[in-house]
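In our numbering, the protein residues as written are 142 to 347. For reference, the structure is listed below as structure tokens.
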């Protein structure tokens, strides 16, 4: 993704969000973007306003930066930026960020997975984009950050969990795509909870 002033702010915000709560060093940011502290402070002013919109906290501390907040709010912030990138391309080209984020094979796996999903479901284009962005968000969060959810039992009753499993084709697709994405990195595994959350998200998008 080309980096200019506006995109740099988006990209840096994404980097802090997917890394949360792990910090990103100021020296890395200055070197990677080839900017000075004044430019970084201007970016942080914009990023700080953005994080407040999603009930998140930008934490500049010593020589590092980090974002804190609830996982749902972090994911909403990421998805907002991805949708903004999608709107900039008018859907005519791939909007998912690559370097320094996802490898091309990860993005290809996401697109192939959503294409397979669309083949047996009635998801419209906007729903397919939502699931595409969600899979990118999940993969980046688990690879770069630390994800904290409520316990499974706090989110789903046994009855609700069984109902989700009854959508067996969607459930098996969710399990398969998350397994395949995790295998591309091999430094994390998606917990069972994410299979249920993804299945539910797909179902709600139908």
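Backbone N, C-alpha and C fix where the C-beta goes; we use that ideal spot for every residue, glycine too. Everything numeric in this text was worked out from a predicted model, so none of it was measured.
Spatial neighbours of residue i in its chain, beta-carbon cut-off 6 Å, leaving aside the 5 residues before and after
{"i": "residue 222", "result": "151, 155"}
{"i": "residue 330", "result": "323"}
{"i": "residue 276", "result": "251"}
{"i": "residue 230", "result": "236"}
{"i": "residue 293", "result": "334"}
{"i": "residue 314", "result": "258"}
{"i": "residue 350", "result": "The shown model of the chain, from 142 to 347, leaves out residue 350, and the question about it has no answer."}
{"i": "residue 170", "result": "none"}
Per-residue burial, residue i [other beta carbons within 10 Å of its own, 16 or more giving buried]
{"i": "residue 266", "result": "exposed"}
{"i": "residue 312", "result": "buried"}
{"i": "residue 339", "result": "buried"}
{"i": "residue 238", "result": "buried"}
{"i": "residue 263", "result": "exposed"}
{"i": "residue 282", "result": "buried"}
{"i": "residue 278", "result": "buried"}
{"i": "residue 274", "result": "buried"}
{"i": "residue 228", "result": "exposed"}
{"i": "residue 354", "result": "The structure shown does not extend to residue 354, since the chain spans only 142 to 347, so no value can be given for it."}
{"i": "residue 366", "result": "The question about residue 366 has no answer here: the residues shown for the chain are numbered 142 through 347."}
Beta-carbon proximity of residue i to residue j, cut-off 8 Å
{"i": "residue 209", "j": "residue 198", "result": "yes"}
{"i": "residue 269", "j": "residue 255", "result": "yes"}
{"i": "residue 218", "j": "residue 158", "result": "yes"}
{"i": "residue 207", "j": "residue 161", "result": "yes"}
{"i": "residue 243", "j": "residue 280", "result": "yes"}
{"i": "residue 216", "j": "residue 166", "result": "no"}
{"i": "residue 185", "j": "residue 201", "result": "yes"}
Whole-Å CB distance - residue i paired with residue j, under 8 Å assumed
{"i": "residue 246", "j": "residue 325", "result": "6 Å"}
{"i": "residue 425", "j": "residue 226", "result": "Lying outside 142 to 347, the shown extent of the chain, residue 425 is not represented and no answer is given."}
{"i": "residue 343", "j": "residue 272", "result": "6 Å"}
{"i": "residue 286", "j": "residue 163", "result": "6 Å"}
{"i": "residue 96", "j": "residue 290", "result": "With the chain represented from 142 up to 347, any question about residue 96 goes unanswered, as that position is not in the structure."}
{"i": "residue 316", "j": "residue 261", "result": "Going by Cβ atoms, the distance from residue 316 to residue 261 rounds to 15 Å, so no, they are not a contact pair."}
Same chain only: Cβ atoms within 8 Å of residue i, ignoring 5 sequence neighbours per side
{"i": "residue 259", "result": "269"}
{"i": "residue 146", "result": "Bear in mind that a pLDDT of 37 at residue 146, under 50, signals an unreliable position, so the number given afterwards is only what the model happens to contain. Correct list: empty, nothing qualifies."}
{"i": "residue 189", "result": "199"}
{"i": "residue 308", "result": "340, 344"}
{"i": "residue 347", "result": "262, 263, 264, 268"}
{"i": "residue 241", "result": "156, 173"}
{"i": "residue 182", "result": "none"}
Close Cβ partners of residue i (< 7 Å) along its chain, the five nearest in sequence each way excluded
{"i": "residue 341", "result": "305"}
{"i": "residue 297", "result": "337"}
{"i": "residue 187", "result": "150"}
Test: residue i CB closer than 8 Å to a CB of chain D
{"i": "residue 202", "result": "Structure shown: chain D not included; a single protein chain is present."}
Segments assigned beta strand (DSSP E), at least 3 residues, entirely inside the segment 213-294
none
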